[in-house]
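*Asks:* One structure, as structure tokens, below. Some questions next.
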Amino acid sequence: LRMFPYPGMGVINPLYAAQLAALNPLGRGKLRDGYCAVVGVPQPGTALLGVQSLPRPMLVPPGMGVEGGAASPSPSASNWTEHKHEDGRVYYHNKVTRQSVWTKPDELKTPAERGASSSGGDSWKEYTTGEGKKYYYNQSTKETTWTVPEGFNPTSGASEKKEESAKEVKEEGGQSELERAMAATLASLPKETSISVATLSDVPMIDPDVELKKRQADRFTELLRDKYKDGKITATCNWDKAVPFIQSDPRFRILSKVSEKKQLFNAWKVQKQKEERDEKRMAVKKAKEDLETWLLTHPKMKNNGLQYRRADEIFASEPIWKAVAEDDRREIFRETHMTVTKKDEAEKAEIAKRNVQALNDILENMGEITYRTTWAQAQRLLIENSEFAADDTLQSMDKMDALIVFEKHIKNLEKQYDEEKLNDDKRLRRQERKTREAFQLLLKELHDKGELTSVSLWSTLYTTIASDSRFDTMLHQSGSTPLDLFKFYVEDLKEQYGNDRKIIKDIIAAQGKSIEVNTTFDELVSWVHEDERGKKVDMGNLKLCYNSFVEKAESKEKEMEREEARKKRRIESEFRNLLR
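First residue of the sequence shown: 11, per the working numbering; consecutive thereafter.
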């Protein structure tokens, strides 16, 4: 008997026995709360006191079965046993009928419990479906009816009705499709028809038909998978081509309708095609990744001039090369070749940089190499160097790079030599300058003493100058000689003659004095030195000024005498004219 949770009466499935044999008969499941299990449909007007015996449905806890009719148990030995569900609730199982119920059977009830449940009116309870339709359920006989039963006392279950109504209103929005389908089934039955159901609130139910359909679909899909693995069918063949390869399997007859089989076959084919596409895509992706990894480690890829055409000839026999399409292979080659060459160039550049630094360090530590050392001499010295001989990487260094490093090192040595030489020259020039300054100080001392003037001669002062050690120091250096410095000093004194003359004239004018023919040099010196400015006047220049002033005074006196003589001659001439 197939059970439908949808509107309609139960019908007999002629293939049920074969289908059940093909399925796993040991499947179990769990009863679900809040549903009615339609277990039998009586003739109109007849109330069932028991239920028909059914095969054990799926998703029923171990030891539980579908409610079914059973023979009256022996009063001495009850067939009912008490069990506890995994959620903690207690249920009861009949070993003979394999029936499982949540309510306690009469055989296990105490006399007091049987007495309390024997009253007819109190056994009926009123319930309301989701559509608002009322039905009545007998807890003792498990009978459900749309009509008000005889002896029903509406006040006895008033509180329970209120609680149930509140619960239905509260959970109305969350009612499942199965609950609505069950309510529609109840609504489609005649009002005078009574059926055996479990209490909606107290007794959970199972839906064996849904579970049966699910298991049938799984077994049929399993058949398709097995045939696909055996190579009998493919994901692209149609139903007509697939039927000859699958109809001989017992699992093919699990489903009775061809439409259901076709629907499952088409769904499996779509899924399998998607899986094949994904597998193909992943295989292509893996082949690309493997080829890329292989090319990245291949030594021939380090050749900068390697072209794809040549690479195709070299790798043509490699399976990993042929596993990738031409366009993808060309693109992968281009990218990997660029990556490998760049990496190889970077590694070479790093090694070259390291070798350059190592060779430069060795050359700097080799004191026998100077700015005059040649490249041939340096190579012989490097061969004898222990640090260079122990470095294999450095010995494989490019000769041109090594020559460049050597040239740079020699240039640095030349630069250092030039700098040192320049510093030595600076020190020498500084020392010579100090020696000249010391000799010039000697000349200044002689000038301050009045021994050296602008009119002094080297021959006159040589004896005095030569007796000083500063004169001897001047003789041991290049550049200007003591005579040159003496001449320069005298020239400087002569150049200040004009300034000294002006100072002397200002001092004489300020003192109201004048230089006459009979004025002595000592008088002029005393006049000039009385003024602070006169102390800076060179004695030679002072002597020259004195001579100049005296000559001018003498010239002036002679001019006055000539003027006096002219006047006298003019008077004499005028007097003679008067006498005529």
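Where a beta carbon is used, it is the ideal one built from N, C-alpha and C, also for glycine.
If L493 sits next to D548, beta carbons under 8 Å apart, how far is it from one beta carbon to the other, in whole angstroms?
*Replies:* Walking along the sequence shown from the start, residue 493 turns up at place 483. Walking along the sequence shown from the start, residue 548 turns up at place 538. In fact, because the Cβ distance is near 20 Å, the residues do not count as touching under 8 Å.
*Asks:* Pull the bridge partners of K9 from the DSSP assignment, please.
*Replies:* Lying outside 11 to 590, the shown extent of the chain, residue 9 is not represented and no answer is given.
*Asks:* DSSP state of S6, grouped into three classes?
*Replies:* Residue 6 lies beyond the stretch modelled for the chain, which goes from 11 to 590, so this question has no answer here.
*Asks:* In chain order, what are the residue ranges of uninterrupted beta strand (DSSP E) at least 3 long that sit wholly in the segment 502-574?
*Replies:* List check, beta strand (DSSP E) in window: nothing returned.
*Asks:* Run the CB neighbour count on W385, radius 10 Å, all protein chains shown included, and call it buried at 16 or more, exposed below.
*Replies:* Taking the first residue of the sequence shown as position 1, residue 385 is located at position 375. The residue in question, W385, is exposed, as its Cβ has fewer than 16 Cβ neighbours within 10 Å.
*Asks:* Please say whether T463 and G522 have beta carbons closer to each other than 7 Å?
*Replies:* As a first step, residue 522 is located in the sequence shown; it is residue number 512 there, counting from the start. As a first step, residue 463 is located in the sequence shown; it is residue number 453 there, counting from the start. Going by C-beta atoms, G522 is not nearer than 7 Å to T463.
*Asks:* Using a Cβ distance threshold of 8 Å, determine whether the segment 241-260 contacts the segment 281-292, with at least three qualifying pairs required.
*Replies:* Yes, since at least three Cβ pairs between the segment 241-260 and the segment 281-292 fall closer than 8 Å, the two stretches touch.
*Asks:* Could you tell me whether the segment 368-377 touches the segment 318-338, where touching means 3 or more Cβ pairs closer than 8 Å?
*Replies:* At 8 Å Cβ cutoff, the stretches do not touch.
*Asks:* What residue range does the alpha helix (DSSP H) around K409 cover?
*Replies:* Indexing the sequence shown from 1 puts residue 409 at position 399. Segment K409 to D458, the alpha helix (DSSP H) holding K409.
*Asks:* Does the separation of the CB atoms of W10 and Y102 fall below 7 Å?
*Replies:* No statement about residue 10 is possible, as the shown extent of the chain runs from 11 to 590 and does not include it.
*Asks:* Tell me which same chain residues have a C-beta within less than 6 Å of the C-beta of L234, skipping the five on either side of it?
*Replies:* As a working mapping, residue 234 is identified with position 224 in the sequence shown. So the qualifying residues of the chain are W278.
*Asks:* If contact is defined by three or more beta carbon pairs under 8 Å, each pair taking one atom from either stretch, is the segment 388-404 in contact with the segment 424-438?
*Replies:* Taking 8 Å as the limit for Cβ pairs, the verdict is that the segment 388-404 does not touch the segment 424-438.
*Asks:* Under the DSSP definition of a beta bridge, which residues are partnered with N148?
*Replies:* Position 138 of the sequence shown, counted from the first residue, corresponds to residue 148. Answer is W134.
*Asks:* For P329 and R319, I'd like the C-alpha separation in whole angstroms.
*Replies:* Here the question's residue 329 lines up with position 319 in the sequence shown. Here the question's residue 319 lines up with position 309 in the sequence shown. Cα-Cα distance, rounded: 17 Å.
*Asks:* Report the residue ranges of all alpha helix (DSSP H) runs contained in full by the segment 237-295; include only those spanning at least 4 residues, in chain order.
*Replies:* Those alpha helix (DSSP H) runs which fall completely within the segment 237-295 and span 4+ residues are 249-256.
*Asks:* Is the Cβ-Cβ distance between T346 and L305 less than 7 Å?
*Replies:* Here residue 346 is taken as the residue at index 336 of the sequence shown, counted from 1. Here residue 305 is taken as the residue at index 295 of the sequence shown, counted from 1. It is a contact, given that the beta carbons lie within the stated cut-off.
*Asks:* On the premise that G544 lies in contact with I513, defined as a C-beta separation below 8 Å, what is that separation, rounded to the nearest angstrom?
*Replies:* Here residue 513 refers to the residue found at position 503 of the sequence shown. Here residue 544 refers to the residue found at position 534 of the sequence shown. I513 to G544, Cβ: 7 Å. Contact.
*Asks:* Using a Cβ-Cβ cut-off of 8 Å (strictly less than) and excluding sequence neighbours within five positions of E447, which residues of its own chain qualify?
*Replies:* One-based indexing of the sequence shown puts residue 447 at position 437. Within the same chain, E447 has no close Cβ partners at all.
*Asks:* What's the gap between the Cα of K271 and the Cα of K312?
*Replies:* As a position in the sequence shown, residue 271 is number 261, starting the count at 1. As a position in the sequence shown, residue 312 is number 302, starting the count at 1. So the alpha carbons of these two residues sit roughly 59 Å apart.
*Asks:* For I256, which residues of its own chain have a beta-carbon under 8 Å away from its beta-carbon, when the five flanking residues on both sides are left out?
*Replies:* The sequence position of residue 256 within the sequence shown is 246, counting from 1. The residues are L233, L234, K237, K242, I243 and F262.
*Asks:* Identify which residue in A356, S110 and W468 has its Cα closest to the Cα of N314.
*Replies:* For the purposes of this step, residue 314 is taken as residue 304 along the sequence shown, with counting starting at 1. Comparing Cα positions, the closest option is A356.
*Asks:* Enumerate in chain order the residues of its own chain whose CB-to-CB distance from P115 is below 7 Å, with the five nearest sequence positions on each side excluded.
*Replies:* For the purposes of this step, residue 115 is identified with residue 105 of the sequence shown, where counting begins at 1. Taken in chain order, the residues that qualify are W90 and Y102.
*Asks:* Can you tell me which of the three DSSP states T155 falls into?
*Replies:* Within the sequence shown, residue 155 is the residue found at index 145, counting from 1. Looking at T155 - three-state DSSP - the assignment turns out to be strand.
*Asks:* M484 and F449 - do their beta-carbons sit closer together than 7 Å?
*Replies:* If you number the sequence shown from 1, residue 449 lands on position 439. If you number the sequence shown from 1, residue 484 lands on position 474. Yes.
*Asks:* Report the rounded CA-to-CA distance for Y147 versus E136, giving the unit in angstroms.
*Replies:* Indexing the sequence shown from 1 puts residue 147 at position 137. Indexing the sequence shown from 1 puts residue 136 at position 126. Computed Cα separation, rounded: 7 Å.
*Asks:* In whole angstroms, what separates the C-alpha of V465 from that of E501?
*Replies:* Taking the first residue of the sequence shown as position 1, residue 465 is located at position 455. Taking the first residue of the sequence shown as position 1, residue 501 is located at position 491. The straight-line gap from Cα to Cα measures roughly 9 Å.
*Asks:* Mind checking A326: buried by the 16 CB within 10 Å criterion, or exposed?
*Replies:* Looking up residue 326 in the sequence shown gives position 316. That one is exposed.
*Asks:* Under a Cβ-count criterion, where at least 16 other Cβ atoms within 10 Å of its own Cβ denotes burial, should Y427 be classed as buried or exposed?
*Replies:* Along the sequence shown, read from residue 1 onward, the residue named residue 427 stands at position 417. So Y427 ends up on the exposed side.
*Asks:* Please report the Cβ distance between E533 and A563, rounded to the nearest whole angstrom; I am assuming they are in contact, meaning their Cβ atoms lie under 8 Å.
*Replies:* What you label residue 533 is simply residue 523 of the sequence shown in a count that begins at 1. What you label residue 563 is simply residue 553 of the sequence shown in a count that begins at 1. Not really, about 13 Å apart at Cβ, beyond 8 Å.
*Asks:* Among residues of its own chain, excluding the 5 on either side of K553, which ones have a beta-carbon nearer than 8 Å to its beta-carbon?
*Replies:* One-based indexing of the sequence shown puts residue 553 at position 543. Taken in chain order, the residues that qualify are T463, V465 and F531.
*Asks:* Whose C-alpha, out of E341, E442, H457 and A297, is nearest the C-alpha of Q317?
*Replies:* Taking the sequence shown and counting its residues from 1, the one referred to as residue 317 is at position 307. For Q317, the nearest C-alpha among the options comes from E341.
*Asks:* Taking the straight line between their C-alpha atoms, what separation do you get for L451 and I414?
*Replies:* Here residue 451 corresponds to residue number 441 of the sequence shown, with the count starting at 1. Here residue 414 corresponds to residue number 404 of the sequence shown, with the count starting at 1. Taking the straight line joining both Cα atoms gives about 55 Å.
*Asks:* Quick one: using the 10 Å Cβ neighbour count with 16 as the cut-off for buried, is I372 buried or exposed?
*Replies:* Mapped onto the sequence shown, residue 372 falls at position 362. That one is buried.
*Asks:* Just mark F498 as buried or exposed, buried being the case when its beta carbon has 16 or more other beta carbons within 10 Å.
*Replies:* Along the sequence shown, one-based indexing puts residue 498 at 488. Counting Cβ neighbours within 10 Å, F498 comes out exposed, since fewer than 16 surround it.
*Asks:* Tell me which residue opens and which closes the alpha helix (DSSP H) that A362 is part of.
*Replies:* Numbered from 1 along the sequence shown, position 352 holds the residue referred to as residue 362. Start and end: E336 to N375.
*Asks:* Beta-carbon separation of L404 and N365 under 7 Å?
*Replies:* Indexing the sequence shown from 1 puts residue 404 at position 394. Indexing the sequence shown from 1 puts residue 365 at position 355. Yes; because the gap between Cβ atoms is below 7 Å, this pair is in contact.
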